[in-house]
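Report on the following structure.
2 protein chains.
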Amino acid sequence: MKIAVLGGDGFCGWPTALHLSNADHEVHIIDNLSRRWIDTELGVQSLTPMDSIQERCRIWKQETGRVLHFHLLDLAKEYERLRQWLDAEKPDAIIHFAEQRAAPYSMKSDRHKVYTVNNNVSATHNLLTALVETGIDAHLVHLGTMGVYGYSSVGAPIPEGYLEIEIDTPSGKQAQEILYPTRPGSVYHMTKSLDQILFQFYAQNDGLRITDLHQGIVWGTHTDQTRRHPQLINRFDYDGDYGTVLNRFLIQAAIDYPLTVHGTGGQTRAFIHIQDSVRCIELALSDAPEAGDRVKIFNQMTETHRVRDLAEMIAGMTGARVAYLPNPRKEAPENDLVVKNEQFLSLGLNPTTLQEGLLEEVVEVARKFAHRIDRSRVPALSAWTKTIGARVEKDPESTRIKSVS
Amino acid sequence: MKIAVLGGDGFCGWPTALHLSNADHEVHIIDNLSRRWIDTELGVQSLTPMDSIQERCRIWKQETGRVLHFHLLDLAKEYERLRQWLDAEKPDAIIHFAEQRAAPYSMKSDRHKVYTVNNNVSATHNLLTALVETGIDAHLVHLGTMGVYGYSSVGAPIPEGYLEIEIDTPSGKQAQEILYPTRPGSVYHMTKSLDQILFQFYAQNDGLRITDLHQGIVWGTHTDQTRRHPQLINRFDYDGDYGTVLNRFLIQAAIDYPLTVHGTGGQTRAFIHIQDSVRCIELALSDAPEAGDRVKIFNQMTETHRVRDLAEMIAGMTGARVAYLPNPRKEAPENDLVVKNEQFLSLGLNPTTLQEGLLEEVVEVARKFAHRIDRSRVPALSAWTKTIGARVEKDPESTRIKSVS
Ligand SMILES: NC(=O)c1ccc[n+]([C@@H]2O[C@H](COP(=O)([O-])OP(=O)(O)OC[C@H]3O[C@@H](n4cnc5c(N)ncnc54)[C@H](O)[C@@H]3O)[C@@H](O)[C@H]2O)c1
Ligand SMILES: NC(=O)c1ccc[n+]([C@@H]2O[C@H](COP(=O)([O-])OP(=O)(O)OC[C@H]3O[C@@H](n4cnc5c(N)ncnc54)[C@H](O)[C@@H]3O)[C@@H](O)[C@H]2O)c1
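Residue numbers (full-length UniProt numbering), protein chains in the order written: chain A, 1 to 405; chain B, 1 to 405.
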């Protein structure tokens, strides 16, 4: 197949591009490299030394003989070029990773909120419009998040996208299937909730074929392909904005800093290894909806953990201590999380567990590149509301470590 | 109160601004005048001769001694200026009309789809972010549409925004209130469905106080204030994009053209007179939610009619004939529409009915300005999908009148 990987320079996009290229697909990466610019803005860098996308593509060719095409294009701002590119290349499938993806970054300031909404909504909508306009019947696979449902304390299982309800009509109760109602907890998550509405409309009005993968937190660095050469290594974010909880724990352990848990650490989250994420995308590609079908929604995750349990797991492997801090997010302090993921398991996914894979991350990544860690970038500082922000400003000590276990 | 009327140069915004100024509020109109540019783009003009906004404000001052402040500002593209303006003026209430509001225009081409989404989402989101950033606790009243629910043939009553559902949790069924699920039928309607998600988030995360008025089709031209001087007259759109079904019938009757009904005319729609719309907005202003409340959602309409019944009503008053054409929209051919509007009735709304008010429109507006009608602009041409578009292109005759009753 000819496959376009939008956002193919990113953490998920790069190993996906390699995996698909390795499986004999013709892969085209489209990216505006905005994420590299954000690294510059924040003054942070990937823990792993990451070459330019052009250089990475060159190494891949050198190692495998396979060509990865790279196109510098902003999906949100260059509608005309996007349409022309689609019209010229006519991909069979499109994988859409190209969004601003960090909740803390999306809440940093008004400018960051505006950027995240404009970038994510326009990127997704431009793509959908361009597909309709060019008449290209590509299967569109998008990366969403189960975070759109909010993490309430109710404990309803995270569904695979839909809910059967009953509504009152003049002729009695009538069953109806709806998109499972969302309750996004950050501007970033909100944009994924907006994406869902866009997908529903374009699938219904124009017969676009869309799969939306509601992904858990992706962890792990290496895949079979990124391991082939040091310059093919994947990105590893550990800063307070882009580093997910697990990566931050790994880094803290590597530099002998206590593992900082926000609030009680009772938040439960879903996880998936990057190698499994890449496989899931391939599985989703092989199971495309037909024109006229509703959007296919899968949960892409393999296990759930409470944040404090994760901290204890890593503390156990490394000897680090665990510290508790006030929570800068507006969220339920404790939640259960039951996630349905029957669809991928039935397609044959055989997951890597945290229990098996974490030690490799500690040794092969965190400790190996520990000399590149900037200690000052580890804390997470974005305040979710003005009230929380004011509290932190008045009492900066409140972001410091309170208790260590 | 100090009130900002965003989109105050438009069809609903202008009489609202006058009505509120007349009631002793300090009114600030913010508009980028994009709608006048769209008139230019389409080569159409208001049936009623409409002066510049600056001239209209001058006349209002001359007639009443009251000042209407006008600010040229693009909500979608000038975030910084918007924030500064709010910070400097600190309005008590904001009425947000400033969106691209025609479904056919939103479906004209890819460019129009992209414009409608970018303009409407950014205008609404910039406003919300700026309110949070400046900490201004203004009551925000937004104009939405009950069209977000789609007009299915199921006939479930159009709710006032919310639905009680039951979800399965590990501890049994649990009641939950959700935003009533949407099924928008055009890109324009879709943007209103996106707005709802934005409102829900900012009300929940930041305590913004928001009322969303799901308005029916507004008809009628004059209000008590626009009648005070010929140069205060309101806009009257009759072209295929912006003219709503009722206005187009009135114009067709005035020029002795058959009243063109699309499909069977079995589509039922909700209506409200501009004078009532303006009163409803005042009522909504007096009934603001508290910080922390959910978004208040009202249906703003007073009666429902089938399109073919409307045509027959106007035909009866004017002697015009009724003609049936193929439908360029993708929609249910026949639908019932029961709309709940208890909230406004309980606040004391006493509506003008079509039966009473239509004759004035025929005589005072349509016939009076009949010499300004451009006959070629009356048909509605935007095709909802590529398939419908191709059918029209292959057989342009299909848009011509088929049968006349
Ligand atoms: N990483 C995770 O744990 C995780 C979890 C759930 C969902 N996701 C989703 O998967 C997708 C990829 O995540 P990631 O971790 O690889 O993020 P990333 O930031 O590493 O990669 C995103 C890439 O998209 C590019 N991009 C952004 N906006 C663009 C635009 N307008 N035009 C062109 N390119 C643009 C960026 O430059 C970047 O290379 C995101 O949509 C994210 O929401 C990620
Ligand atoms: N007219 C109806 O029948 C009707 C029915 C239901 C809902 N509504 C809603 O009411 C609102 C007003 O409708 P209308 O009929 O008065 O429309 P209109 O087009 O006459 O007025 C909208 C005004 O907003 C301005 N505007 C648009 N984008 C802007 C931006 N980015 N920055 C600043 N100004 C901007 C336009 O220049 C215009 O003056 C719309 O949101 C519409 O969806 C109207």
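Just so you know, even glycine gets a beta-carbon here, dropped at the ideal spot from N, CA and C.
Mapping DSSP to helix, strand and coil, what is residue i?
i: VAL295/B; result: coil
i: ALA323/B; result: strand
i: ASP31/B; result: strand
i: PHE97/B; result: coil
i: VAL245/A; result: helix
i: GLU360/A; result: helix
i: SER376/A; result: helix
i: VAL187/B; result: helix
i: PHE344/A; result: helix
i: GLN45/A; result: coil
i: THR223/A; result: coil
i: THR352/B; result: coil
In this structure, what does DSSP give as the bridge partners for residue i?
i: ASP212/A; result: HIS142/A, ILE297/A
i: ALA270/A; result: THR304/A
i: ALA175/A; result: GLU166/A
i: ILE217/A; result: PHE271/A
i: LYS192/A; result: Looking at the DSSP assignment, LYS192/A forms no beta bridge with any residue, so it has no partner.
i: ALA4/A; result: HIS28/A, ILE94/A
i: THR260/B; result: ALA323/B
i: LEU72/A; result: ASP31/A
i: VAL339/A; result: ILE158/A
i: GLU334/B; result: GLY266/B
Can you check whether the CB of residue j is closer than 8 Å to the CB of residue i?
i: TYR188/A; j: SER109/A; result: no
i: VAL141/A; j: ALA93/A; result: yes
i: ASN299/A; j: ILE158/A; result: yes
i: GLU282/A; j: GLY185/A; result: no
i: LYS386/A; j: VAL132/B; result: yes
i: HIS69/B; j: GLN225/B; result: no
i: ASP237/A; j: ILE297/A; result: no
i: ASN234/B; j: TRP37/B; result: no
i: GLU303/B; j: THR353/B; result: yes
i: ARG209/B; j: GLU99/B; result: no
i: LEU337/B; j: THR268/B; result: yes
i: PRO333/B; j: ALA383/B; result: no
i: ASP241/B; j: ALA102/B; result: yes
i: LEU285/A; j: TYR202/A; result: no
i: LEU325/A; j: CYS280/A; result: no
i: PHE199/A; j: VAL117/A; result: no
i: GLN343/A; j: GLU164/A; result: no
i: GLY220/B; j: GLY357/B; result: yes
i: TYR162/B; j: ILE136/B; result: no
Quick check: does the Cβ of residue i come within less than 7 Å of any heavy atom belonging to ligand 2?
i: ASP287/A; result: no
i: ILE217/B; result: yes
i: GLU303/B; result: no
i: PHE97/B; result: yes
i: ASN119/B; result: yes
i: GLY185/B; result: no
i: GLN252/B; result: no
i: GLY7/B; result: yes
i: ALA130/B; result: no
i: THR48/B; result: no
i: THR145/B; result: yes
i: GLN267/A; result: no
Does the distance between the C-beta of residue i and the nearest non-hydrogen atom of ligand 1 fall short of 7 Å?
i: ASN32/B; result: no
i: GLU26/A; result: no
i: ASP212/A; result: no
i: GLN54/A; result: no
i: CYS12/A; result: yes
i: ASP74/A; result: yes
**OP:** Could you please tell me which residues of the segment 124 to 135 of chain A, in chain order, have their CB closer than 8 Å to any CB of chain B?
**Re:** Flagged, chain order: HIS125, ASN126, THR129, ALA130, VAL132, GLU133, GLY135.
**OP:** Select from the segment 90 to 119 of chain B all residues with a C-beta closer than 7 Å to any C-beta belonging to chain A, and list them in chain order.
**Re:** ASP110, LYS113, VAL114, VAL117, ASN118
Original post:
Mind listing which residues of the segment 336 to 363 of chain B have their C-beta closer than 8 Å to chain A's C-betas, in chain order?
Top reply: ASP336, VAL338
Subject >> Residues, ordered as in the chain, of the segment 145 to 173 of chain A that lie near chain B by beta-carbon distance below 8 Å >> reply: VAL154, GLY155, ALA156, PRO157, LEU163, ILE165, ILE167, ASP168, THR169, PRO170, SER171
Original post:
Listed in chain order, which residues of the segment 56 to 83 of chain A have Cβ atoms closer than 8 Å to some Cβ of chain B?
Top reply: TYR79, ARG83
Original post:
Using Cβ-Cβ distances below 7 Å, what residues of the segment 282 to 309 of chain B are close to chain A?
Top reply: The segment 282 to 309 of chain B vs chain A, Cβ under 7 Å: nothing.
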